[in-house]
Amino acid sequence: MEVSLSWTDERVDLLRRLWEDGQSASKIAAQLGGVTRNAVIGKVHRLGLAGRVKPVAGTPATTRKRSMRESEPEAASVTEIAAEAPEPIAITSHRPAPDFPPVPPAAIVDAVPLAVSQRVTIMDLRESMCRWPMGDPTTPEFRFCGGRSITGLPYCTHHAQIAYQPAAERKRDRRVAGLR
DNA sequence: CCCTGATTCGC
DNA sequence: GCGAATCAGG
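For reference, each letter of the first sequence is one residue, going 1 to 180 in full-length UniProt numbering.
Right, here's the structure in full:
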């Protein structure tokens, strides 16, 4: 049967946690899988938990940009008033985020479909590079994927999908290598 | 150029 | 309700 990747309770719940945890929409999308960051943002708004980082009133960033598609010179009202409103929200100090699986299960490490990457040694590994382990870490032949990693995550988009498969989907969802 | 979230609107 | 396209900004 086809598991339609929609906003199930589980996925919405995960979305909530990650968002409130300060994760960016693109990272959340990468971990959810099957959705774009736009989808995530859209959902976040629909859930009513948007406006995470609220700039203090008076900040240039507060300047509301409306009328993108519509050149209608609408009088600013609700939006601006809302922007002026006091912030009851106590800014929860930056949590380094409980972070997720540091390393993928050894099981898949062996089954890694090395194909796209160039593989680098730990010497050449940079912050922006995928840390997906390839080979036996105890041997000098050990390498990392080295592909362009999602900022904030240790893996490239390809390996992130493998490492962060939602438990719900994982059991039968094998679309690992087939995204856009 | 990389990224961020915000908004609109056709579906 | 959903999310691509778009916008605005860092």
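Even for Gly, the Cβ is constructed at its ideal location relative to N, Cα and C.
Beta-carbon gap between residue i and residue j smaller than 8 Å
i: residue 187; j: Arg143; result: The question about residue 187 has no answer, for the chain in this structure spans 1 to 180.
i: Ala29; j: Val40; result: yes
i: Val120; j: Gly152; result: no
i: Lys27; j: Ile150; result: yes
i: Arg37; j: Ala25; result: yes
i: Pro154; j: Arg131; result: yes
Neighbour-count burial assignment, residue i, 16 or more Cβ in a 10 Å radius
i: Ile122; result: exposed
i: Gln161; result: buried
i: Leu47; result: exposed
i: Gln23; result: buried
i: His45; result: exposed
i: His159; result: buried
Coil, strand or helix - residue i by DSSP
i: Arg119; result: coil
i: Ser26; result: helix
i: Arg131; result: coil
i: Arg126; result: coil
Residues near residue i by beta carbon distance below 7 Å, same chain, minus five either side
i: Gly34; result: Leu5
i: Thr157; result: Ala30 and Ile150
i: Arg17; result: none
i: Asp136; result: Phe142
Sequence-distant residues of its chain with Cβ nearer than 8 Å to residue i (five each side left out)
i: Thr139; result: none
Any non-hydrogen atom of the ligand SAH closer than 7 Å to residue i Cβ
i: Ala160; result: Among the components of this structure there are no ligands whatsoever, and the ligand SAH is therefore not found.
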